[in-house]
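*Asks:* What follows is a single structure, and I will ask about it in a moment.
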Amino acid sequence: MKEKLFIFDTTLRDGEQSPGAGMNTAEKVRIATQLEKLGVDVIEAGFPAASAGDFEAVAAVAKKVTKADITALARANRPDIDRAWKAVCKAARPRIHTFLATSDIHMKYKLNMERNEVLKSAVDAVKYACSFTENVEFSAEDGSRSDPDFLCEIFSAVIDAGAKIVNLPDTVGYAIPKEFGRLVRYVKEHTSNIDKAILSVHCHNDLGLATANTIAAIHAGARQVEVTINGIGERAGNTSLEEVVMIIKTRPSDMPVSTNIRTKRIYSVSRLVSMISGIIVQPNKAVVGANAFAHEAGIHQDGMLKNPMTYEIMRPETIGLSANKLIMGKHSGKHALKKHLMAMGYDLSDAEIKLLFAKFKDLADKKKIVLDDDLEALVNEVVLRTSDTYSLEYLNVSAGTTVLPTASVKLMIEGREVFDTGSGNGPIDAVYNAIAKITGTESKLERFSISALTGGTDAQGEVTVRLSEAGLISIGKGSDPDIITASAYAYVNGLNRLEYLKQNPPRSMRGL
Ligand code: KIV
Ligand code: ZN
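Position in the sequence shown (first residue = 1) + 525 = our numbering.
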């Protein structure tokens, strides 16, 4: 019998620390609902002391999710722990996750504290958190660069104080697998009371080793792993959930653990997180990248036809990627659409389906066949936008080889219709100039990219923009069969996200 590996998902907390990935409460609840269906054991919903927005999102997730533990992050001090508890207390299974740095470099330069002070603060914090719940986790920040004996001493003390999970993070992504595995084994062997707690790891991907380090840690005895969907997270990101889970599933005889993850849901959750966070999954990303199951070389294709296992170590169906994507057309009814979206992992309300159905009919008129990727883009466009300041009402463009490109644009701004025109180097430039005039934005367009969502000349264009303003970064997405309209949607979406960030600055801007 294999031991259980607990999957702790921190997409909504560490994942949200990816530049530009700010998510609002409704978006976080939507992701949390899908994470629960995916079968994760713990959802880290945010850092409530960081802002009112974080607090509200954690509380909303805590109310909605019933099967997974919901945890909130707190520094090792009473006000943070009070705030974390207040946010998660309504959860069916609340957890408090408190942390303090234990490496010499962090203690000296960041905390300005001696080892004995750090030890005392950690123990006090855990005891205080345990006054609210038995489900308390302690993380030794920068654990991989800490003195192993001090790590064991502090873990032993916090376990005595009541911590049920002790977490060893590779905060700066510096570790290498052999050494990290050795450290985990050392902690297992030299922490006197480790049998009273679950040993967890949390790796960052600065050297591209987050997954390898996590796997080494599992072999050495770690039984909780902290991961994110698509590996998003601070800097180069965190260990990716789908990689760890699929390694365990694909190489069962080499792994001492099993998970409760329903792997068929991996692909749809990956898409949802990419849509909501605006962070594109690189095409060659393991497991969920667009090319992960694409075989280009003729010799591979020939082998695949004879037996898929010649070149394929996992079946695309295992992660929910169906080879025969269901095609919806203009004759498909509302019920079929709802059922199909359910199968794709989108559990939408009747009101949302109604809204979506009208747009689906418009698209089916233009495109004849609507594929899963089109539907996902529609869901993103129509349903996932919840707190928009601006919305695109009308767009008209004139361009060609002999005319100056000009655009007329009408936006709704908080219930008011505002109209203006713009001209530019090309039609998209003209549209963007008109939108910039209407909104008065001071943001800078840092990046613009466009790709076709599916094959064929009638494919929808998907546009992604990256905007920056006063240190804030937002990513906007838009899709439409008309690439100029898609570009306008993406810009407006990016501006809406900037507005949201102005109200809810990311943790990094508040020094957290
Ligand atoms: O990377 C890190 O050390 C963290 C801790 C707060 C667990 O995210
Ligand atoms: Zn982290």
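Just so you know, even glycine gets a beta-carbon here, dropped at the ideal spot from N, CA and C.
(1) Less than 8 Å between the CB of Asp539 and some heavy atom of the ligand ZN, yes or no?
(2) Can at least three beta-carbon pairs, one atom from the segment 670-689 and one from the segment 613-627, be found at a separation below 8 Å?
(3) Look at the alpha carbon of Thr764 and the alpha carbon of Asp890, and state the distance between them as a whole number of angstroms.
(4) Is the segment 537-553 touching the segment 566-583 in the sense that three or more CB pairs, one from each, lie closer than 8 Å?
(5) Should Thr591 go down as buried or exposed, given a rule of 16 or more other Cβ atoms within 10 Å for buried?
(6) Output the residue ranges of the alpha helix (DSSP H) runs that lie fully inside the segment 819-875 and measure 4 residues or longer, sorted by chain position.
(7) Per DSSP, which one or two residues make a beta bridge with Ile679?
(8) Label Tyr871 either buried or exposed according to how many other C-beta atoms from any shown protein chain fall within 10 Å of its C-beta, with 16 as the threshold for buried.
(9) Contact check, Ala665 vs Leu693 under 8 Å by CB: the rounded distance?
(10) In this structure, how does DSSP classify Met800 when only helix, strand and coil are distinguished?
(11) Suppose only complete runs of 3+ residues qualify. What are the beta strand (DSSP E) ranges in the segment 629-707, listed by chain order?
(12) Using the rule of at least 16 other Cβ atoms within 10 Å of the residue's Cβ for burial, across every protein chain shown, is Ile1008 buried or exposed?
(13) In this structure, does DSSP put Ser916 in helix, strand or coil?
(14) Quick one: is Val928 buried, meaning 16 or more other Cβ sit within 10 Å of its Cβ, or exposed?
(15) Who does Thr623 pair with in a DSSP beta bridge?
(16) So Ala553 is in the alpha helix (DSSP H); what residue range does that whole segment cover?
(17) What separation, rounded to the nearest whole angstrom, lies between the Cα atoms of Leu896 and Gly986?
(18) Hey, would you say the C-beta of Asn692 is under 8 Å away from at least one heavy atom of the ligand KIV?
(19) Put Thr753 into one of helix, strand or coil per three-state DSSP.
(20) Going by C-alpha to C-alpha distance, which of Asp1005, Ala761, Ile786 and Val648 sits closest to Met771?
(21) Can you give me the start and stop residues for the beta strand (DSSP E) that Gly1001 sits inside?
(22) Could you say if the segment 600-616 and the segment 644-663 meet the contact criterion of at least three C-beta pairs nearer than 8 Å?
(23) Just curious, the beta strand (DSSP E) that Ile568 is in, first and last residue?
(24) Can you give me the Cβ contacts of Lys588 inside the same chain, cut-off strictly under 6 Å, excluding the 5 residues immediately before and after it?
(25) Cutting at 8 Å between CB atoms, please list the residues of its own chain near Pro808, excluding the five before and the five after it.
(26) Which one or two residues does DSSP pair with Ser931 in a beta bridge?
(27) Would you identify the three-state DSSP class for Ile786, choosing helix, strand or coil?
(28) Which partner residues does Cys614 have in the DSSP bridge list?
(29) Rank Glu768, Thr753 and Thr1010 by C-alpha distance to the C-alpha of Leu797 and give the top, closest one.
(30) Rounded to a whole number of angstroms, what is the C-alpha to C-alpha distance between Pro544 and Thr550?
(31) Nearest to Leu1065 by alpha carbon, out of Asn832, Leu676, Trp610 and Thr964?
(32) Do Gly854 and Lys789 have their beta-carbon atoms positioned less than 9 Å apart in this structure?
(33) Distance check for Leu900 and Asn849, CA to CA, integer angstroms please.
(34) Alpha carbon to alpha carbon, what distance is there between Asn730 and Glu659?
(35) Grouping DSSP H, G and I as helix and E and B as strand, with all else coil, what is Gly986?
*Replies:* Taking the definition as stated:
(1) Here residue 539 corresponds to residue number 14 of the sequence shown, with the count starting at 1. It does: the Cβ of Asp539 is within 8 Å (strictly closer) of some heavy atom of the ligand ZN.
(2) Flag = yes, the segment 670-689 and the segment 613-627 touch.
(3) Start at 1 with the first residue of the sequence shown, and residue 764 comes out as number 239. Start at 1 with the first residue of the sequence shown, and residue 890 comes out as number 365. If I take the Cα positions, the gap works out to 42 Å.
(4) Three or more Cβ pairs drawn from the segment 566-583 and the segment 537-553 lie within less than 8 Å of each other, which places the two stretches in contact.
(5) In the sequence shown, residue 591 corresponds to position 66, counting from 1. Under a 10 Å Cβ-count criterion, Thr591 is classified as exposed, with fewer than 16 other Cβ atoms of the shown protein chains found around its own Cβ.
(6) Residue ranges of uninterrupted alpha helix (DSSP H) with 4 or more members, entirely inside the segment 819-875 and ordered along the chain, are 823-831 and 859-868.
(7) Position 154 of the sequence shown holds residue 679. BP columns for Ile679 are empty, so no partner.
(8) The count along the sequence shown starts at 1 and reaches residue 871 at position 346. If you draw a 10 Å sphere on the C-beta of Tyr871, you find 16 or more other C-beta atoms in it, and that means buried.
(9) Walking along the sequence shown from the start, residue 665 turns up at place 140. Walking along the sequence shown from the start, residue 693 turns up at place 168. So it is a contact: roughly 6 Å between Cβ atoms.
(10) Working through the sequence shown from its first residue, we reach residue 800 at position 275. DSSP places Met800 in helix when its eight states are reduced to three.
(11) DSSP runs (the beta strand (DSSP E)) wholly in the segment 629-707: 661-666 and 690-695.
(12) Along the sequence shown, one-based indexing puts residue 1008 at 483. With a 10 Å radius around the Cβ and a threshold of 16 neighbouring Cβ atoms, Ile1008 comes out buried.
(13) Walking along the sequence shown from the start, residue 916 turns up at place 391. In the structure shown, Ser916 sits in a strand (DSSP, three-state: E or B).
(14) Translated into the one-based positions of the sequence shown, residue 928 becomes position 403. Looking at its Cβ environment, which holds fewer than 16 other Cβ atoms inside 10 Å, Val928 is exposed.
(15) The sequence position of residue 623 within the sequence shown is 98, counting from 1. Residue pairing by DSSP puts Thr623 in a beta bridge opposite Ala599 and Phe663.
(16) By one-based count along the sequence shown, residue 553 stands at place 28. Inspection of the sequence shows that residue 553 is occupied by Lys rather than by Ala. Annotation: the continuous alpha helix (DSSP H) that includes Lys553 extends over Thr550 to Leu563.
(17) On the sequence shown, residue 896 is found 371 positions in, with the first residue counted as 1. On the sequence shown, residue 986 is found 461 positions in, with the first residue counted as 1. Cα to Cα, the separation comes out at about 13 Å.
(18) On the sequence shown, residue 692 is found 167 positions in, with the first residue counted as 1. Asn692: yes, Cβ under 8 Å from the ligand KIV.
(19) Against the sequence shown, residue 753 aligns to sequence position 228. Thr753 falls in the strand class under three-state DSSP.
(20) On the sequence shown, position 246 is the one that residue 771 refers to. When only C-alpha atoms are compared, the closest one is Ile786.
(21) Reading the sequence shown from its first residue, position 476 is the one you call residue 1001. Unbroken beta strand (DSSP E) run through Gly1001: Leu997 to Asp1005.
(22) Contact between the segment 600-616 and the segment 644-663 is present, because at least three Cβ pairs lie under 8 Å.
(23) Position 43 of the sequence shown, counted from the start, is the residue given in the question as residue 568. Element bounds for Ile568: Val567 to Gly571.
(24) As a position in the sequence shown, residue 588 is number 63, starting the count at 1. Counting only Cβ-Cβ distances below 6 Å, and skipping sequence neighbours, we find Lys615.
(25) In the sequence shown, counting from the first residue as 1, residue 808 sits at position 283. The answer, listed in chain order, is Gly814, Ala815 and Asn816.
(26) Counting from 1 along the sequence shown, the entry for residue 931 is found at position 406. According to the sequence as given, residue 931 is Thr; it is not Ser. Bridge pairing for Thr931: Ser923 and Ser948 [DSSP].
(27) On the sequence shown, residue 786 is found 261 positions in, with the first residue counted as 1. Here Ile786 carries a coil assignment [DSSP, helix/strand/coil].
(28) Looking up residue 614 in the sequence shown gives position 89. Answer is none; Cys614 lacks a bridge partner.
(29) Here residue 797 corresponds to residue number 272 of the sequence shown, with the count starting at 1. Among Glu768, Thr753 and Thr1010, the Cα nearest to that of Leu797 belongs to Thr753.
(30) Residue mapping note: residue 544 aligns to position 19 of the sequence shown, counting from 1. Residue mapping note: residue 550 aligns to position 25 of the sequence shown, counting from 1. The alpha-carbon separation between Pro544 and Thr550 amounts to approximately 18 Å.
(31) Here the chain covers residues 526 to 1037 and nothing more, so residue 1065 does not appear.
(32) Within the sequence shown, numbered from 1, the residue matching residue 789 stands at position 264. Within the sequence shown, numbered from 1, the residue matching residue 854 stands at position 329. In this structure, Gly854 does not lie closer than 9 Å to Lys789 by Cβ.
(33) Mapped onto the sequence shown, residue 849 falls at position 324. Mapped onto the sequence shown, residue 900 falls at position 375. Reliability of the predicted coordinates at Asn849 is poor, the pLDDT of 47 falling under 50, and no value is obtained from them.
(34) Within the sequence shown, residue 659 is the residue found at index 134, counting from 1. Within the sequence shown, residue 730 is the residue found at index 205, counting from 1. Inter-residue distance for Glu659 and Asn730 is about 31 Å (C-alpha atoms, whole angstroms).
(35) By one-based count along the sequence shown, residue 986 stands at place 461. Reduced to three states, the DSSP call for Gly986 is strand.
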